[in-house]
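Let me begin by presenting the structure, written as structure tokens, before commenting on it.
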Amino acid sequence: MKKITFLLITNLALSSLIINGQVIDTLVDNGGYNLHFSIIAGKGIPILFETGYMDNTKIWDGIIQPIADITGAPVITYDRQGFGKSTIDSKRKGIEDEIKGLETALIKLGYSEEIMLVSHSLGGFYNFIYANRNPLKVKGIVFIDASMACIFPDDMLDKMGLNPYQLEMIKTMKKLPSLPASIPVTDIISEQNIMRDNRWKTCHDEFVSEAPNRKGIFAFKTSHYIFRDNSRLVIDAIISLYADIQKSKVKSAILEKAYAYELASANEDYRELIEYQHSYEDLIAWGKSLFQNSDLTKALKVMELTANLYSDKPESINNLAEAYLKIGNKKLAAENYKRALELDPDNKNTIKILNQISKTIELSDSLQSVYAGKYELNRMPISIMKENNKLILHFNNTQSAMYFISDFDFFIAEYRDEFKILHGSDGEINGLLFRGMKAMKVKY
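The opening residue of the sequence shown carries number 794 in this note's numbering; numbering runs sequentially from there.
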């Protein structure tokens, strides 16, 4: 009885303070740990956003305000346990316990009935479980390059180098029943997905085909963070699904606002495009795009031009330094990182990479030959090739020079965290520790 009274008092207190459109930043005491929520107040069916791996509420800042303005809905973002301002429940045993904790927190905040879900990447797992536990409450889901169980083949799970929590999460997902077919879903996937192979798209295509009220959207020329690359697409998809789950009068009002937003947004986007052409920001984006697509010769020329034209901007110098590092020119990379540091002495990333470069060693020719070969990470091919007395790592349709700080530990330009060559008890090389996951060496 005391618990029910407390919840009623809490909800009444919150309701009396809330003004439509007001942003509420709050910590919910969930019995031994806190969950941090940021809520744009509104009326109607709330929209709950679920982040990807290691992200927090800030990741949604570019899209939630127009969604709240157009729908008038409460827009809820939160930090999962251990991220952002949220603490960890020491008693949790897995992802299902996290969902139970989320449900409890939402009830305390007054959101215990109908809800719409939006998730990115790993957040898709959380939406799947929430929807399976609450099939009548969940009125719709928008997946944004979401993780799905079918992406992870059973025969590869134990070879992926996942930590115990990640492994248990995926195994839990594989045991779940299919998402209720009654829930309408919009499933958006990126062109440049994190696996860079057909498995990601095939899995999502199969999911969409399982129910008539599921719609797939292929987001052209986007990366994993689709809502950054094409925010209008994601905003429109969320608003469209939200409108579809409303009664006709409310739906018409939302679509009218959405149309007005589209007109203003299209005009503003064109204005920005005209201003953007050949600007500093345009050159930076162009260089990065070439860089990401491994057009290294052109990328280097664009970055050299940008660094010369904007020699007072540390970002342009840092980008040039990273390009040199990627192609294996350690000397010019270090020189340009030092130039950037002179312009921005407190840049921790620049300090870190200069420190890493200073610790690099020259790997013997014999070790280079031993490490060269083909590896496989969850069926994604990775290869190490010996080129001009350097080792080059090829993965995800990109290539990058490897820099060793010991006979086994190395880093590359894109990922500053150290990687490791793995070997068995017999001393034979058997794999790579690649961004926390184990890639096995392919034997012939």
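Using N, Cα and C, we set each Cβ at its ideal position, and we do this for glycine too.
All figures in this text were calculated on a predicted structure; none of them were measured in a lab.
Uninterrupted alpha helix (DSSP H) stretches at least 4 residues long and entirely within the stretch 917 to 997 occur at 957 to 968, given in chain order.
The alpha helix (DSSP H) runs of length 4 or more contained entirely in the stretch 1156 to 1200 are, from start to end of the chain, 1158 to 1164. Less than 9 Å divides the Cβ of I838 from the Cβ of K932. Residue burial is scored here from C-beta neighbours: I1154 has fewer than 16 other C-beta atoms within 10 angstroms and is therefore classed as exposed. The alpha-carbon separation between L972 and D998 amounts to approximately 15 Å. Distance from the CA atom of A974 to the CA atom of F1020, rounded to whole angstroms, is 26 Å. Cα atoms of F830 and D854: separation of roughly 13 Å, rounded to the nearest angstrom.
A straight-line Cα-Cα distance of about 7 Å links Y1164 and I1222. Where V1095 is concerned, the enclosing alpha helix (DSSP H) starts and stops at L1089 to L1102. Taking 4 residues as the shortest admissible run, the stretch 995 to 1025 contains the following complete alpha helix (DSSP H) segments, listed from N- to C-terminal end: 1019 to 1022.
Sequence-distant partners of R926 (beyond 5 residues in either direction) whose C-beta falls short of 7 Å from its own C-beta, in its chain, are I892. If you draw a straight line from the Cα of E843 to the Cα of D1210, it comes to about 26 Å. For G1224, the enclosing beta strand (DSSP E) covers residues I1222 to F1227. When Y1052, A1036 and R1025 are compared, the shortest CA-CA separation from D1062 is found for R1025.
In this structure I888 is in contact with M962, their Cβ atoms being roughly 5 Å apart against a cut-off of 8 Å.
Going by DSSP, E1211 is part of no alpha helix (DSSP H) at all; its letter is neither H nor E. For I840, the enclosing beta strand (DSSP E) covers residues I840 to E843. Burial state of P1138 is exposed, judged by a 10 Å Cβ sphere holding fewer than 16 other Cβ atoms. Judged by DSSP in its simplified three-state form, V821 adopts strand. Cβ contact annotation for F921 (same chain, cutoff 7 Å, sequence separation greater than five): M966, L969 and L972, in chain order. Straight across, the Cα-Cα distance linking G825 with V868 is about 26 Å. A residue is called buried when at least 16 other Cβ atoms come within 10 angstroms of its Cβ; F1000 meets this threshold and is buried.
Boundaries of the beta strand (DSSP E) harbouring S831: N827 to I833, taken from the DSSP string.
In terms of Cα proximity to I1010, the closest of Q1161, I981, G835 and I852 is I981. DSSP, reduced to helix, strand and coil, places I1154 within a strand of the structure shown. A distance below 9 Å separates the beta carbons of I1110 and R1132.
Residue state for K893 is assigned as helix, using DSSP reduced to three classes. Exposure of L1102 is indicated by the presence of fewer than 16 other C-beta atoms within 10 angstroms of its C-beta.
Inclusion of I908 and I976 in the CB contact set at 9 Å is not warranted, their separation being larger than that value.
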